[in-house]
Each structure stands twice: as C-alpha cells, then as structure tokens.
Amino acid sequence: MDPRFPREAEEFRGEIRAFLADHLPDDWAGVGSLDTEDAIAFTEHWRGILAAQGYLAPAWPTRYGGGGLTKLQQVVIVEEFARAGVPASGAHDNFSIKMIGNLLLKVGTDAQKDHFLPRIISGKDRWCQGFSEPGAGSDLAALKTSARLDGDQWVINGQKIWTSEATTANWIFMLARTNPDAARHRGISMLLVPLHQPGIEIRPITMITGARAFNEVFFTDARTSADNVVLGADQGWKAATALLGLERGDEAATNPILFRAEVDRLIKLVHERGLADDEIVRDRVAHAYTKAEIMRFMGARILTGWLKGETPGTEASVSKLYWSEHHRSVTDLAMTLLGPAGLIPEGRPPLRHFRTDDPGAPNSTASWYHTWLAAVSGTIYAGTSEIQRNILAETALGLPRETRG
Ligand SMILES: Cc1cc2nc3c(=O)[nH]c(=O)nc-3n(C[C@H](O)[C@H](O)[C@H](O)COP(=O)(O)OP(=O)(O)OC[C@H]3O[C@@H](n4cnc5c(N)ncnc54)[C@H](O)[C@@H]3O)c2cc1C
Numbered sequence: 182m183d184p185r186f187p188r189e190a191e192e193f194r195g196e197i198r199a200f201l202a203d204h205l206p207d208d209w210a211g212v213g214s215l216d217t218e219d220a221i222a223f224t225e226h227w228r229g230i231l232a233a234q235g236y237l238a239p240a241w242p243t244r245y246g247g248g249g250l251t252k253l254q255q256v257v258i259v260e261e262f263a264r265a266g267v268p269a270s271g272a273h274d275n276f277s278i279k280m281i282g283n284l285l286l287k288v289g290t291d292a293q294k295d296h297f298l299p300r301i302i303s304g305k306d307r308w309c310q311g312f313s314e315p316g317a318g319s320d321l322a323a324l325k326t327s328a329r330l331d332g333d334q335w336v337i338n339g340q341k342i343w344t345s346e347a348t349t350a351n352w353i354f355m356l357a358r359t360n361p362d363a364a365r366h367r368g369i370s371m372l373l374v375p376l377h378q379p380g381i382e383i384r385p386i387t388m389i390t391g392a393r394a395f396n397e398v399f400f401t402d403a404r405t406s407a408d409n410v411v412l413g414a415d416q417g418w419k420a421a422t423a424l425l426g427l428e429r430g431d432e433a434a435t436n437p438i439l440f441r442a443e444v445d446r447l448i449k450l451v452h453e454r455g456l457a458d459d460e461i462v463r464d465r466v467a468h469a470y471t472k473a474e475i476m477r478f479m480g481a482r483i484l485t486g487w488l489k490g491e492t493p494g495t496e497a498s499v500s501k502l503y504w505s506e507h508h509r510s511v512t513d514l515a516m517t518l519l520g521p522a523g524l525i526p527e528g529r530p531p532l533r534h535f536r537t538d539d540p541g542a543p544n545s546t547a548s549w550y551h552t553w554l555a556a557v558s559g560t561i562y563a564g565t566s567e568i569q570r571n572i573l574a575e576t577a578l579g580l581p582r583e584t585r586g
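What follows is the structure, given as structure tokens:
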C-alpha cells in the first residue's frame, strides 16, 4: 500500500519547498540542532514569518489572518515543515490556534471571531486550557469551579490544575458550573476569561523533568464579560465535545514523520553503543520501526476521513493510544541501551516537553532522559490510555458500558 496525495497537493508541495529554501539557511539541520536559547528565538521569529505568509493557520479565512487555503494544503504544509525540522507554529498555538481558535471559527459568534481570531494570529493573545480540577480529570463532568452572572459579567470561583502554559498565557478557556441544579453534564459553560486580573492566582507545579510547564490556577471572584461564553450558557459540554474533534489532521500528517525520525535516532544510538548485533536489541528496534511504519498508514486513514470533513471518533482514540504507548516503549528502549549513563543527563535537553525531541536533536543522554520522563505524560493528557481503551471497548468493540455517575 502506498498512500499518495492528489496531484494538486504535490504541486503545492513544490511551492512550500521553495518557501522553505528561501527562508532557511543553506546549512539548516533542524531546530533541534540549535542550542536552547537560539531555538526559542528562532521559533518566535519563524512564527512571525508564518503569520505574515498565512501559514500559521493555513485554512482560516484571510479576514481573520489565516491563509485562505484548503485543508489538504494545510496538511502538505505541516508535513513539509515536520520534514524540514521547522515548527509549524509557536509555543501557545496548540491551545490558541488548534483548540480555541478552531472552536471559535466553528461555533463562535461573529463578534467573538472578529475580536479573538486576529489577536491569536498576531500573538497578542496566548491561550491556555482550564478543564481539569483536583477532583475532576478523566471524570470531567465532576468539575466544581462555579460561575454566576452578576449583571453583565460572570463571577468565577474555584480551582483548576495541570493548566499548561498558564504563566505565559493571557487568556484561559475554561469550563465552569453555571447551573448547579442541572444534571452533571448539562449545567456547565465554556467561558473565555482574561488571566491578568486580581481574582486569578497562578501557582507553577514542578514536573518530574524539572520543567515548570503546568500550574494550579485559583479563581476568587474572577470576572469576565457575559458575552465571553462559547455556544451560550450551560452549553459547555457540547462546546468541549466539539473541541475534541478538531485538528486531528495535522497530527495524523506529522506523527509518522516525527516518530520515524525518533526511531532513526534510536538506530543511530544502537550503532553508537556497538549493539547492532545483539539479537534482543535488533528485535526491539524492528518492533519500534514497524510501529512507526504502521503509524504512517494509520495517519493516511485518518487524513482520508478528515479531508472529507468527517470527525474522527474511534480512529482518534486508536491513534492517541498508539503513539503515546509507542513513544514510551521507544524512549524506554533508548534508556535501556544507554544503561546507567542515561541517568546522567548531558547535552541539550529537548525544547518541548511532550512528544519526540525536535528533528536535528543530538543523540545526547539529556535528550533521551527528558523525553523518556515526559513520555509518561503522553499516556495521561488528552485522555489517559485507560480512558482510550474504555472508549474503544465501548464504541468500537461494543462491549458493555461501564457504570457512570
Ligand atoms: C503534561 C500534562 C499536561 C496537561 N495539561 C492540561 C491543561 O493544559 N489543561 C487541563 O485542563 N488539563 C491538563 N492536563 C490534565 C489531564 O487532562 C488529566 O491529567 C487527565 O485528564 C487525567 O485526569 P487526572 O490526572 O485527574 O487522573 P484521574 O482521572 O484521577 O485518573 C487516575 C488514574 O485512574 C484511571 N482512571 C480514571 N477513570 C477511569 C475509568 N473510568 N476506567 C479506568 N481507569 C480510569 C486513569 O487512567 C489514571 O490512570 C494535563 C496533564 C498532563 C500530564
């Protein structure tokens, strides 16, 4: 099987390759080859170039700062960027563009779209996501943070946890209980809240990697305008569900490239450690290689549906479970190959704490050690492996539903 794109997509690919050749230095070896400070500066600078070109949100209408391109062209762009080892977006854009931006584009009011979308593209607004609470993670409908209308403002009280990037964001999209008398899933609203106000306190949490990428966020009579609600009051569950189906396309296109690059780096490590003739190592590497290849076909299947406008359901759970468990097993093998030396991180650590290290990254102990530690989180955020298995058991295999409160 050899999944291919239509001819017009391949023609567009030529344009993107020319764009990259024009804008990257001749000796470009991937953002992973830069030291940390340079890589952060490059990503910020590159984001500006993408915004000006319309490549930051390629399929958004131009009036909101997008590129006015098709979803197929967007897929080609992110694929070529992943191959060249350049970021397709900036540090907050997973939340800002892929999540809340795309959600507003789909279901927001005209006023919300006109106000928020251009500010996202310009980088003026940087978003984070406030869903999880100390007593509500997998069982999100148990959330207790409340909001009540006071004149033309919502007044919010409660606590969120594991809020990634909250210290560098200036807006949060969050779920709050707005109707305590309604059934669990019914009385929730999705609110858009400015973070920089007296009623909000952000406390960083140190992760096992030493990074302080996520936070607790406390709300004490915090306020936002009554208009800043997605889909209307008490429609938050519907809004959160719509969010889950968005933007699987980019991931389906880039995962196979990035995880294959990681396996290639693993193979290099095997040679460096003189273990290429070890039968057990060969067997495990072959397994990792095969799984990365299967990811390519899985990606092609998801893309086929996504480009037709279908929302991936079962495939999204299979894909999430597959890449996150695969990543754990690859990084675990790398640590086994490194032996005790792997526990003394040396060299440049990964720039991002989730997924694979960036293309061009050195085969350093720091790179493998940090990705190994962070790989565990991939099986937790965006729905744990157990929850994905539950979904698959019930929706794909038709097994009896578990009891829900
Ligand atoms: C790196 C990282 C970044 C994150 N960023 C954000 C963010 O920006 N915003 C945000 O809102 N949240 C964020 N989260 C939180 C994440 O969404 C939650 O951690 C996740 O939903 C799991 O919830 P929990 O931690 O409360 O675990 P729990 O739901 O308490 O689960 C504990 C364990 O029980 C298992 N379990 C729970 N229910 C079931 C069940 N029904 N059947 C079988 N097993 C079950 C789980 O799989 C898990 O192993 C982030 C998490 C991580 C790790």
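This note's numbering applies: residue 182 is where the sequence shown begins, and numbers increase by one. The C-beta atom is built at its ideal place from N, Cα and C for all residues, glycine as well.
(message) Taking the alpha carbon of residue 427 as the reference point, which residue from 447, 388, 484 has its own alpha carbon closest?
(response) Taking the first residue of the sequence shown as 1, we reach residue 427 at position 246. Check the Cα spacing between residue 427 and each of 447, 388, 484: the tightest is with 484.
(message) Tell me whether the segment 232-250 and the segment 297-308 touch, counting them as touching only if at least three CB pairs, one residue from each stretch, are closer than 8 Å.
(response) They touch, by the three-pair rule.
(request) Give the range of the alpha helix (DSSP H) segment to which residue 417 is assigned. (result) The residue you call residue 417 lines up with position 236 of the sequence shown. Start and end: 417-425.
(request) Could you tell me if the beta carbon of residue 351 falls within a distance shorter than 7 Å of some heavy atom in ligand 1? (result) For this step, residue 351 is matched to residue 170 along the sequence shown. No; taking the cut-off as 7 Å, the Cβ of residue 351 has no heavy atom of ligand 1 nearer than that.
(request) Would you give the residue range spanned by the alpha helix (DSSP H) that residue 485 belongs to? (result) Reading the sequence shown from its first residue, position 304 is the one you call residue 485. Taken as a continuous stretch (DSSP letters only), the alpha helix (DSSP H) holding residue 485 covers 460-488.
(request) Could you name the residues of the same chain whose beta carbon sits closer than 6 Å to that of residue 190, not counting the 5 residues immediately before and after it, in chain order? (result) By one-based count along the sequence shown, residue 190 stands at place 9. Take residue 190, set aside five residues on each side of it, and the residues of its chain with a beta-carbon closer than 6 Å to its own are 253, 257, in chain order.
(request) Mind checking who residue 672 pairs with in its DSSP beta bridge? (result) Given that the chain is displayed from residue 182 to residue 586, the structure contains no residue 672 and the question cannot be resolved.
(request) Compare the beta carbon distance of residue 450 and residue 518 with 8 Å and say whether it is the shorter of the two. (result) Taking the first residue of the sequence shown as position 1, residue 450 is located at position 269. Taking the first residue of the sequence shown as position 1, residue 518 is located at position 337. It is a contact, given that the beta carbons lie within the stated cut-off.
(message) Can you determine whether any heavy atom of ligand 1 sits closer than 7 Å to the C-beta of residue 561, and answer yes or no?
(response) In the sequence shown, the residue the question calls residue 561 occupies position 380. Checking the Cβ of residue 561 against ligand 1 gives yes.
(request) Take every Cβ of the segment 219-230, pair it with every Cβ of the segment 277-289, and state whether three or more of those distances are shorter than 8 Å. (result) Cβ pair count under 8 Å is below three, so no.
(request) Specify, as a first and last residue, the run of the alpha helix (DSSP H) that residue 280 falls within. (result) Taking the first residue of the sequence shown as position 1, residue 280 is located at position 99. Secondary structure note for residue 280: it is in no alpha helix (DSSP H), with a DSSP letter that is neither H nor E.
(request) Measure the alpha-carbon distance for residue 286 versus residue 447 and round it to whole angstroms. (result) In the sequence shown, the residue the question calls residue 286 occupies position 105. In the sequence shown, the residue the question calls residue 447 occupies position 266. C-alpha separation (whole angstroms): 40 Å.
(message) Taking a contact to mean a Cβ-Cβ separation below 8 Å, would you say residue 261 touches residue 198 in this structure?
(response) Indexing the sequence shown from 1 puts residue 261 at position 80. Indexing the sequence shown from 1 puts residue 198 at position 17. Yes, the Cβ-Cβ distance between residue 261 and residue 198 is below 8 Å.
(request) In angstroms with no decimal places, state the Cα-to-Cα distance between residue 284 and residue 411. (result) Here residue 284 is taken as the residue at index 103 of the sequence shown, counted from 1. Here residue 411 is taken as the residue at index 230 of the sequence shown, counted from 1. Linking residue 284 to residue 411 through their CA atoms gives a straight-line distance of about 9 Å.
(request) Could you tell me if the beta carbon of residue 243 falls within a distance shorter than 7 Å of some heavy atom in ligand 1? (result) The sequence position of residue 243 within the sequence shown is 62, counting from 1. No, since every heavy atom of ligand 1 falls outside the 7 Å radius drawn around the Cβ of residue 243.
(message) What would DSSP say about residue 516, mapped onto helix, strand or coil?
(response) Mapped onto the sequence shown, residue 516 falls at position 335. In the three-state scheme derived from DSSP, where H, G and I count as helix and E and B as strand, residue 516 is classed as helix.
(message) Could you tell me the alpha carbon to alpha carbon distance between residue 204 and residue 316, rounded to whole angstroms?
(response) In the sequence shown, counting from the first residue as 1, residue 204 sits at position 23. In the sequence shown, counting from the first residue as 1, residue 316 sits at position 135. Answer to the nearest angstrom: the Cα atoms are 48 Å apart.
(request) If I'm right that residue 508 touches residue 559 with Cβ under 8 Å, what's the distance once you round it to whole angstroms? (result) Counting from 1 along the sequence shown, the entry for residue 508 is found at position 327. Counting from 1 along the sequence shown, the entry for residue 559 is found at position 378. Yes, they are in contact, since the Cβ atoms of residue 508 and residue 559 sit about 6 Å apart, within 8 Å.
(message) What does the Cβ neighbour count give for residue 525, buried or exposed, with the cut at 16 atoms within 10 Å?
(response) The residue labelled residue 525 in the question sits at position 344 within the sequence shown. Classification for residue 525: exposed.
(message) So, with DSSP's three-state summary, where would you put residue 553?
(response) Numbered from its first residue, the sequence shown carries residue 553 at position 372. Residue state, collapsed to three classes: helix.
(message) What does the Cβ neighbour count give for residue 408, buried or exposed, with the cut at 16 atoms within 10 Å?
(response) Along the sequence shown, one-based indexing puts residue 408 at 227. By the neighbour-count criterion, in which 16 or more other beta carbons inside 10 Å mark a residue as buried, residue 408 falls on the exposed side.
(request) Assess, as a yes-or-no matter, whether the segment 323-339 is touched by the segment 386-405 under the definition of 3 or more beta carbon pairs within less than 8 Å. (result) These segments touch.
(request) Can you have a look at residue 569 and say buried or exposed, based on whether 16 or more other CB atoms are within 10 angstroms of its CB? (result) Taking the first residue of the sequence shown as position 1, residue 569 is located at position 388. It counts as buried.
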